[in-house]
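Chains R and G, in that order, are what the protein sequence lines are.
Position 337, counted from 1, in the first sequence is what our numbering calls 337; the numbers after and before it change by one each time, with no gaps.
Position 21, counted from 1, in the second sequence is what our numbering calls 21; the numbers after and before it change by one each time, with no gaps.
Below is one structure, written out as structure tokens; comments come after it.
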Amino acid sequence: MSSNYETLNKHGLDIRKIRAEFPILHQQVNGKPLVYFDNAATTQKPLRVIEALTDYYSGYNANIHRGIHTLAEKATSAFEESRRAVKEFMNAPEAEEIIFTYGTTDGINLIASTFGRANIGEGDEIIISSMEHHSNIVPWQMLCEETGAKLKIIPINDRGEIVFEAFEKMLSERTRLVSIVHISNSLGTINPVKAVIQKAHEYGAKVLIDGAQASAHIEIDMQDLDCDFYVFSMHKLFGPTGTGILYGKRPLLEAMPPFRGGGEMIKEVTFEKTTYNDIPYKFEAGTPNIGDVVAIKRALEFVEAYGKENISKYEDELLQYANERLQTIPSVKLIGTAQNKISVVSFIMEGIHHFDIGMMMDARGVALRTGHHCTQPLMDLFNIEGTVRASLSLYNTFEEIDIMVEGLKNIAERFK
Amino acid sequence: MQKSSINARQDEIIEAFSLLDGDVEMASFYLMELGQKLTPLPESDKVEENLVKGCQSKVWLKTELDQDRIRFSADSNTAITKGLVSLLVNILSDQKVDDIIHADLYFIHRIGMDRFIGTQRSNGFVAMIKQMKMYAIAYKSKIESKAS
């Protein structure tokens with residue numbers, strides 16, 4: 001596809017204008033223009049987010065919630081504004097149901113340590129899928145070891161989609177929790193989470209959705225999904241690192257014991273007894289990551305300015321183009337070919353190790369991820385050690401896909 | 001045959017890399033070529049006990065003592081890493097135990113290795129060197145205990 005004005009204006013998105021918001025994209029890496037295709041690991045940050053951080057630290061840095069002075073008031077109000085922005089973004093019923101965490105992993109561990117310990121015991125069952133990230137496997141293995149509960153794994157088919165009938169058969173009155181990824185980080189598969197949630201609820205099981213990869217690409221609507229918990233990381237959604245979101249239904253959050261003890265999460269402390277604060281503060285012990293949380297609001301505004309629907313449509317076109325172009329290289333084998341997927345392409349090349357591909361592509365300025373993507377059990381199912389993964393975002397272009405494909409063709413030639 | 005010294009071999013590598021003009025892509029292709037020239041280890045030697053710990057890729061290292069000299073052979077599951085380990089094999093193989101222990105591997109800095117391989121691979125590269133020197137130290141104590 002040739003480089004022209006048309007390819008930079010898609011679905012109401014002016015890609016040139018969008019790219020102009022990201023200072024980091026306009027640089028050379030190893031003497032070549034940077035092509036950043038590692039968005040599933042972390043997205044880059046628009047200027048408005050970077051500026052929000054500078055504004056906070058140069059204008060109103062103060063500890064929140066108990067200060068009586070003006071700066072503390074300003075910081076508290078900005079912090080809580082971000083909470084309301086997240087509530088709107090994910091259409092949660094109430095702002096109090098939004099807990100700030102350090103990221104997806106932190107959110108899952110919070111649920112495992114609080115909801116898990118309080119509600120899951122010996123002989124109970126937790127269901128996850130075969131395509132989970134290690135962070136949605138290990139906390140449950142730890143909980144199972146501690147409590148004597150059992151972990152059950154939903155199988156997948158060759159395309160990298162869960163086998164729904166197998167999941168239905170796994171459910172029983174012993175199922176306490178289903179914890180499943182909304183979109184696979186290794187394959188890009190969009191799981192039918194709404195159907196999973198409905199089915200699990202028929203058995204009285206609660207459902208946690210790992211939305212780490214979903215939040216930046218598709219609509220996430222808590223009231224429509226009706227999930228019990230939803231977690232994601234802001235740094236994969238154009239926000240700062242070290243911030244994450246945990247949504248939980250109010251009655252569940254209220255019934256859960258606290259996670260960490262300390263300041264902020266208490267109502268009253270005597271040496272004899274402590275009463276805990278209300279949600280969300282009960283789960284936000286200690287001084288939170290205020291500056292980064294404040295900047296979250298600007299990241300969400302960035303997404304809303306362009307619209308998830310437009311973003312999804314554009315990214316679908318990028319995905320389709322990347323798939324078509326990659327298939328012109330005979331040694332490329334795509335891993336994960338689900339019908340319903342986002343703009344993540346995982347592949348291997350016959351006779352060439354993924355590390356070598358990653359390194360040679362980096363020499364051409366193309367940032368790809370190589371390895372098992374923290375999903376070793378999934379790689380085992382495909383009988384591979386790892387893949388090369390290109391994960392595309394709304395600031396990527398068709399021309400960048402061409403650059404990647406040319407580079408891969410060159411590598412394929414060298415290895416003939 | 002006169003064996004060239006560790007430093008003479010390093011200087012040859014420095015000269016070869018200087019022709020690449022700091023081009024990272026050229027360097028990775030050159031490393032792959034070097035790796036292809038390295039005699040592969042038989043599958044039976046690609047075992048856990050020969051693995052160098054601390055490398056992201058798999059690197060197998062084998063040694064053989066010939067009087068007071070060590071013969072290294074190595075292999076890797078990735079082409080560029082195989083090239084990296086081949087540099088070390090070229091420099092250190094068939095050298096005297098003492099010379100290996102005291103080798104100052106200045107070529108790493110001189111060819112600007114960190115530019116080519118980044119921090120994560122640098123750690124793996126350091127692990128390879130450490131492993132080779134450890135073998136030399138072990139052989140030295142073996143030789144000395146035999147002599148005494």
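Glycine included, C-beta positions come from ideal geometry on N, C-alpha and C.
Computed from a prediction, not measured in an experiment: that's the story for all the values here.
Check	Outcome
Examine the Cβ distances between the stretch 335-350 of chain R and the stretch 186-193 of chain R and report whether three or more of them are shorter than 8 Å.	yes
Counting along the chain, where does the beta strand (DSSP E) carrying Asp210 of chain R start and finish?	Lys206 to Asp210
Given that His353 of chain R touches chain G, what residues does it touch there, using C-beta distances under 8 Å?	Ser57, Asn77, Thr78 and Ala79
Using a beta-carbon distance cut-off of less than 7 Å, what residues from the stretch 9-31 of chain G approach chain R?	Val24, Glu25, Ser28 and Phe29
DSSP three-state call for Ile279 of chain R: helix, strand or coil?	coil
Could you compute how far the alpha carbon of Val196 of chain R sits from the alpha carbon of Asp228 of chain R?	12 Å
Tell me the DSSP secondary structure of Gln95 of chain G in three-state form.	strand
Kindly list, in the order they appear in chain G, the residues whose Cβ is closer than 7 Å to that of Ala363 of chain R.	Val24, Glu25 and Ser28
Compare the Cα-Cα distances from Glu202 of chain R to each of R:Asp224, R:Ala40 and R:Leu171 and report the closest residue.	R:Leu171
To the nearest angstrom, how far is the alpha carbon of Leu88 of chain G from that of Tyr135 of chain G?	14 Å
Nearest-angstrom Cα distance between Asn410 of chain R and Ile18 of chain R?	30 Å
Is it the case that the Cβ atoms of Ala85 of chain R and Leu300 of chain R are separated by a distance below 8 Å?	yes
Pairs of beta-carbons, one from the stretch 65-73 of chain G and one from the stretch 126-145 of chain G, closer than 8 Å: are there three or more?	yes
Residues of chain G with a CB under 9 Å from the CB of Arg418 of chain R: which are they?	Since the first and last residues shown for chain R are 1 and 416, residue 418 of chain R lies out of range.
Taking only runs of the alpha helix (DSSP H) that begin and end inside the stretch 3-90 of chain G, which ones reach a length of at least 4 residues, in chain order?	6-18 and 24-37
In terms of DSSP beta bridges, what is Met349 of chain R paired with?	R:Val332 and R:Ile352
For chain G, check one thing: does any of its Cβ atoms lie closer than 8 Å to the Cβ of Asp55 of chain R?	no
What residues from chain G crowd round Asp356 of chain R, counting only those whose CB sits closer than 7 Å?	Thr78, Ala79 and Ile80
In the structure shown, what three-state DSSP assignment does Glu406 of chain R receive?	helix
So, helix, strand or coil for Ala367 of chain R, using DSSP?	strand
Could you have a look at Pro251 of chain R and say whether DSSP puts it in helix, strand or coil?	helix
Identify the continuous beta strand (DSSP E) that holds Glu125 of chain R and give its terminal residues.	Glu125 to Ser129
If I measure Cβ to Cβ from Thr287 of chain R and keep anything under 7 Å in the same chain, skipping five residues before and after, which residues do I get?	Asn63
Quickly, what does DSSP pair Glu268 of chain R with across the bridge? List them, please.	R:Thr275
Name the DSSP bridge partner or partners of Thr189 of chain R?	R:Lys341
On the CB-based measure, 16 or more other CB atoms within 10 Å of its CB, does Glu400 of chain R come out buried or exposed?	buried
Can you tell me whether DSSP reads Ala136 of chain G as helix, strand or coil?	helix
Could you have a look at Ala390 of chain R and say whether DSSP puts it in helix, strand or coil?	strand
Give me, in chain order, the residues of the same chain whose beta-carbon lies closer than 6 Å to that of Leu319 of chain R; leave out the 5 immediate sequence neighbours on both sides.	Ser343
Taking the continuous alpha helix (DSSP H) assigned at Leu34 of chain R, which residues delimit it?	Per DSSP, Leu34 of chain R belongs to no alpha helix (DSSP H) and is neither H nor E.
For Ile310 of chain R, would you say it is in contact with chain G, using Cβ-to-Cβ distances shorter than 8 Å as the test?	Ile is not the amino acid found at residue 310 of chain R; the sequence shown has Asn there. Asn310 of chain R does not count as touching chain G.
What is the DSSP secondary structure of Gln57 of chain R, counted as helix, strand or coil?	The amino acid at residue 57 of chain R is misidentified as Gln; the sequence shows Tyr. Helix, per DSSP.
Report the rounded CA-to-CA distance for Gly351 of chain R versus Arg159 of chain R, giving the unit in angstroms.	22 Å
Run through chain G and tell me which residues come within less than 7 Å of Asn39 of chain R, C-beta to C-beta.	None at all; the shortest Cβ gap to chain G is about 20 Å.
Ile414 of chain R touches chain G at which residues, Cβ-Cβ below 9 Å?	For the sequence presented, residue 414 of chain R should be read as Arg rather than Ile. Near Arg414 of chain R (Cβ distances below 9 Å), the residues of chain G are Phe29 and Met32.
Give the C-beta separation of Asp221 of chain R and Val181 of chain R to the nearest angstrom, bearing in mind that I take them to be a contact with Cβ-Cβ under 8 Å.	With 8 Å as the limit, Asp221 of chain R and Val181 of chain R do not qualify as a contact, their Cβ atoms being about 17 Å apart.
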